[in-house]
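Residues 212 to 493, numbered by the working numbering, are exactly what the sequence shown covers, in order. Each residue gets a CB set at the ideal place from its N, CA and C atoms; glycine is no exception. Only a predicted model underlies this, so the values are computations on that prediction, with no experimental measurement involved. Structure record follows, encoded as structure tokens.
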Amino acid sequence: MSVAPRLNFPEGMLAGQTAIITGAGQGIGAETAAVFAREGCKVVIADIDAAKAEKTAQAINADGGAAIAVAGDITVNEDIDKLVQKASEFGGGKIHIIVNNAGYAWDDPVEKIQDKQWETIITLHNTAPFKLIRAVAPYFMVKDGEPRNIVNISSTSGIYGNAGQASYALAKAGLVGLTKTLAQEWGPGYSVRANTVAFGAIKTRLTQAPAGGYVVRPDGTKHAVGFHGGYDEAEAKWASEIPLRRIGTPTDAARATLGVVSPLFGYVTGQTIMVSGGRGGM
Ligand SMILES: NC(=O)c1ccc[n+]([C@@H]2O[C@H](COP(=O)([O-])OP(=O)(O)OC[C@H]3O[C@@H](n4cnc5c(N)ncnc54)[C@H](O)[C@@H]3O)[C@@H](O)[C@H]2O)c1
């Protein structure tokens, strides 16, 4: 018979913790923030879209959670510093969780990709997460007995490749190496856990048919998102290729990330958790 206590978290699985979630103005990031908040976590909504970040934070606060919005571009050094400063103030001098989630793809076949396209995607998905992690080092290389987690959001494209997504696939694969290295550097001594969560098909603005939606590029220009044959347009086709026979929801995605940072995953680090309904391999 196990001597482990019955699992019960009356204050929530993340009570007393503070999380920074990038790209949390909408989509998977916003849902992750809401799910974390319901588990007692203070959440910092970091997004380049100030209005959406504010709206998400307000909704969480209205629901009884604790959230602040910090608008900024995650690829800009000063914005990263401001984000960490605000998060530290909000968390009473502590930051426990980073979810590097902000991102989008700028796709083309290899022979057509321009340098700017390439560099934008690598900067957004690799350099920015690295710089944020480096900036929070003083909050993670500590020995206060409290949990610390880094989650880097990847994609099945980074694990299996995806025709037309060379830059995105490279960047998402790169996060796997960053995560494993971090697990080896900050695990010993500080018990920091670092894991990658790789999503398959999750229904968000990013993956719907083009509907006039856009993200703001670091240089301020607008980048249209969505693609023909997106999950809403061709849902049945996509679902037929997924063992669980459905496209994932932002809640599916958010709950998986919650699971990874929760005490239930306390002995899991350096891993890539596939959240794809089994698509692309099992
Ligand atoms: N939706 C999917 O099927 C899917 C699959 C695999 C991986 N992902 C990954 O999940 C993450 C979230 O994607 P989503 O589907 O929720 O997309 P989304 O477009 O709904 O949300 C992305 C958010 O990131 C923000 N953002 C973009 N650039 C930013 C910057 N420079 N600084 C700060 N914020 C910025 C946007 O404003 C937006 O709020 C991304 O990293 C994406 O690559 C998504």
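Asked                                                                                                                    : Found
Euclidean distance between Cα positions of A464 and L218                                                                 : 23 Å
For G489, the nearest candidate out of F410, F438, A261, S213 (CA to CA)                                                 : F410
Residue nearest to H442 in terms of C-alpha spacing, selected from Q419, P454, V426                                      : One point to set straight first is that residue 442 is Tyr, not His, in the sequence displayed. Taking only the C-alpha atoms, the option nearest Y442 is Q419.
Unbroken beta strand (DSSP E) run spanning Y425, endpoints                                                               : 425 to 427
Check: G440 C-beta below 7 Å from any heavy atom of ligand 1                                                             : no
Cut-off 8 Å between Cβ atoms - residues of its own chain near T286, not counting five sequence neighbours on either side : T334, L335, T338, A339, P429
Burial state of P461 (16 or more Cβ within 10 Å)                                                                         : buried
Simplified DSSP assignment, three categories, for Q296                                                                   : helix
Sub-8 Å separation of A394 and G481 beta-carbons                                                                         : yes
Per DSSP, the bridge partner or partners of H336                                                                         : DSSP output for H336 lists no bridge partner at all.
Distance between N360 and A244 (C-alpha atoms, nearest Å)                                                                : 15 Å
Counted within 10 angstroms of its Cβ, other Cβ atoms place D355 as buried (16 or more) or exposed                       : exposed
Alpha-carbon spacing of G236 relative to G283, whole angstroms                                                           : 11 Å
Contact between the segment 469 to 481 and the segment 444 to 460 (3+ Cβ pairs under 8 Å)                                : no
Helix, strand or coil at Q328 [DSSP, three-state]                                                                        : helix
Beta strand (DSSP E) segment containing A282, residue limits                                                             : 277 to 282
8 Å CB neighbourhood of A273 in its chain, flanking five on each side removed                                            : none
Residues bridged to V254 [DSSP beta-bridge criterion]                                                                    : A230, A278
Under 8 Å between C-beta atoms of V246 and I231                                                                          : no
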